[in-house]
Amino acid sequence: MKLEKVEGYFDCRKYKKDTLRQNREMLKDGERINFTVAFPDEFLPEDLKDFAKKSEKTGINYVNFKIFPNNCKAYLANNQRIIFPKNSQLDGGKFLVNLSFNIKHGTGTELNGCYVNAIQFIKRTDEPFVAEEEGDVNIFNENDNPFFEKINNVNIDDESNDLPF
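Below you can see the structure in the form of structure tokens.
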């Protein structure tokens, strides 16, 4: 099954009951991580309803996608295959992605859930701004800014002729 252009968060930390996520231990690279996607009721795919957990506060459905980085193919937006990113680069990050996954309905020790086979990273979406092509990237670099150049070239009179105050 495929989902295109879904936004979600990565959790690359060991689960520990009653412990805040930021206080949990980071998983080793290659260990199973989770990618969680939020779906309002009207956008929740029928196939995922068995795995959705509805928030009592917001009424939003959260579906957890399980990723085994050593077995999951990773791609960039231009469809270039890459080595799966390190957990430290993903943890807590919000990303827009395309997912190719399998659904397993198991009981006990059998596989149960949504297992990602391939992920295409389209862009990171937790940054509040996008790059502006017309922007000045050297705005605070004193050497490249004409404003600072004018200030640095001003001749200041000898202080001995200053007023006494």
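Numbering-wise (this note's numbering), the sequence shown opens with residue 8 and increments by one. Beta carbons are placed, not taken as given, at the ideal position from N, Cα and C, and that holds for glycine. Predicted, not measured: the structure shown is a model, and the values here were computed from it.
For residue i, is the classification buried or exposed, using 16 other Cβ atoms within 10 angstroms of its Cβ as the cut-off for buried?
i    : result
D18  : buried
Q127 : buried
N68  : buried
V137 : exposed
I89  : exposed
F46  : buried
F72  : buried
Go to residue i, then tell me how far its beta strand (DSSP E) extends in each direction, as first and last residue.
i    : result
S107 : 101-111
N41  : 40-46
F51  : The amino acid occupying residue 51 in the given sequence is Leu; Phe does not appear at that position. Careful: L51 lies outside any beta strand (DSSP E) and carries neither H nor E.
F17  : 9-18
A59  : 59-61
A81  : 80-83
Could you please give the first and the last residue of the uninterrupted alpha helix (DSSP H) stretch that includes residue i?
i    : result
Q29  : No alpha helix (DSSP H) contains Q29, which DSSP labels as neither H nor E.
N119 : Note, N119: premise wrong, no alpha helix (DSSP H); not H, not E.
N71  : Looking at the DSSP string, N71 is not in any alpha helix (DSSP H); the run it does join, the beta strand (DSSP E), is 68-74.
S95  : 94-97
Alpha carbon to alpha carbon, how far is residue j from residue i? Give it in angstroms, no decimals.
i    : j    : result
Q29  : K21  : 10 angstroms
F91  : L34  : 14 angstroms
C121 : E134 : 27 angstroms
E14  : L97  : 13 angstroms
T26  : G99  : 15 angstroms
K80  : V123 : 9 angstroms
N77  : N109 : 16 angstroms
G115 : E141 : 57 angstroms
Y82  : A125 : 8 angstroms
F42  : S95  : 14 angstroms
S62  : D48  : 11 angstroms
L118 : I40  : 15 angstroms
E53  : K12  : 17 angstroms
Y16  : G37  : 18 angstroms
K56  : E139 : 40 angstroms
H112 : K60  : 16 angstroms
Would you say residue i and residue j are within 7 angstroms of each other, going by their C-beta atoms?
i    : j    : result
F58  : V44  : no
I129 : L103 : yes
T132 : K101 : yes
Am I right that residue i and residue j are in contact with their C-beta atoms under 8 angstroms? What's the rounded C-beta distance?
i   : j   : result
N86 : K9  : Actually they are not in contact, since the Cβ atoms of N86 and K9 sit about 14 angstroms apart, beyond 8 angstroms.
K23 : R31 : 5 angstroms
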